[in-house]
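Each remark here refers to the structure printed beneath this line.
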Amino acid sequence: MFTRRAATSDWHVQATRVLVSVGTVHEARQVLFDNDTRLLIATSFDGDWDVYIEDFARTRVLQDWAEFLVHCEGYPDAAGVASLSLDEQKEFLTAHQVTAALYDRSYPDVTAKEILKALRVQTVFQQLLDEASS
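When you line the sequence shown up against numbering that gives the first Met the number 0, it's residues 0 to 133, in that order.
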């Protein structure tokens, strides 16, 4: 089941790498609630929704999501998932999405790519400081 697999650190590391490779995702979460009868997928990302979903198709994110979407009403069973086109996947997701009543983030004008670059610069800068002090 998804919840068991998601709890393993190896799976989490792999999922994080894939999200970073998308390049536009700030964070993502999947939550089972109402006694595991309902699923919430919440993400924040930069840019247009279509490009974001196409990036998920380019990586394996949509494939990973299918592992738990097959348990949702209206989504094909495991045997039918492979035959879904990207447009059909988009159609399912848009038909079930809900716009947030309120959304805010600490750094609204900074993209995920800019944050990752700043972290890389900070790492190199700290290494230079460490080398200079030794």
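Note that CB positions come from ideal geometry on N, CA and C, so glycine has one too.
Residue Thr42 holds the alpha-carbon nearest to the alpha-carbon of Asp103 among Thr42, Arg119, Tyr51. Taking the Cα positions, Glu53 is about 47 Å away from Ser133. Here His70 is not near Phe44, since their CB atoms are 8 Å or more apart. Where His70 is concerned, there is no enclosing beta strand (DSSP E), because DSSP gives it neither an H nor an E.
Leu115 sits exposed, since fewer than 16 C-beta atoms from the chains shown fall within 10 Å of its C-beta. Of the candidates Ala78, Leu128, Ile40, the residue whose Cα lies closest to the Cα of Thr98 is Ile40.
Note on Asp63: 16 or more other CB atoms within 10 angstroms of its CB, so buried under the neighbour-count rule. Taking all protein chains in view, the Cβ of Gln88 is crowded by 16 or more other Cβ atoms within 10 Å, so the residue is classified as buried. In the DSSP assignment, Gln29 falls within the beta strand (DSSP E) that extends over 24-32.
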